[in-house]
Amino acid sequence: MKFVKQLVPVLLGCGAMVAMNGGAASAAKAKDVCIAAPTGGGGFNTFVLQSVDTLFPGAAVALHGFYFTTGVKKIGPLEGTAVMGSNGQIRIGFFVHSSAEGGAIANDFTISGMLDADYNGFVGFDNDGDFQNNGTLEMQRVDCSTIVTP
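Start counting the sequence shown at 111; every next residue gets the next number (our numbering).
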């Protein structure tokens, strides 16, 4: 009986921890999300978002990863945030540090817009720092195993 009395607080504590963490079944593994946006010259702007947590309505997740174009083959880091609205659409925004590698074509820029739950859709980009869209990109989710990093 003494053992049972000692065991009860331990079991209650474990139960409370599981409840606070949403239960073991709700813990979804973070996954990479790869998005390509075709450019005018036959190349692609490629965004690799690493270890993205599963989104659900009302949730926000941090984004980090890297960007490159298939034409120039320069790589740069990116970071930002995504949030899912009650309608299931994802509001996304991130900053790309494409000048990290330097050179004549280097230009830091921001991306923001709304995507569907599979990260497909149109977003705006600001590539001159005036906080106004300079154009749009059609984002298309691609299989990360097909991405060849420069």
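The beta carbon of each residue, even a glycine, is placed where N, CA and C say it ideally should be.
- Between Phe205 and Thr179 the beta-carbon gap is near 17 Å, outside 8 Å, which marks them as no contact.
- The straight-line gap separating the alpha-carbon atoms of Ala172 and Glu189 is approximately 8 Å.
- Taking the Cα of Asp228 as reference, the smallest distance to any Cα among Phe219, Ile202, Phe241, Gly234 is reached at Ile202.
- For Gln250, the enclosing beta strand (DSSP E) starts and ends at 245 to 252.
- Counting C-beta atoms within 10 angstroms of its own C-beta, Val158 has 16 or more neighbours from the protein chains shown and is therefore classed as buried.
- Under the 10 Å beta carbon count, Ser255 is surrounded by fewer than 16 other beta carbons and is classified as exposed.
- Here Phe166 has Met194 as same chain residues with Cβ atoms under 8 Å from its own Cβ, once five neighbours each way along the sequence are excluded.
- Distance check between Gln242 and each of Thr220, Met224, Ala210 places Thr220 closest, using alpha-carbon atoms only.
- Here the C-alpha atom of Ala147 lies approximately 22 Å from the C-alpha atom of Asp163.
- A check of alpha carbon separations from Asn244 across Ala140, Gly223, Thr156, Gln250 identifies Gly223 as the nearest.
- If the five residues before and after Asp226 are omitted, its C-beta is found closer than 8 Å to the C-beta atoms of Gly198, Gln199, Ile200, all from its own chain and listed in chain order.
- Burial state of Ser208 is buried, judged by a 10 Å Cβ sphere holding 16 or more other Cβ atoms.
- Of Thr191, Pro187, Lys183, Gln160, the smallest CA-CA separation from Ala170 is found for Thr191.
- A straight line joining the alpha-carbon of Val258 with that of Tyr177 spans about 12 Å.
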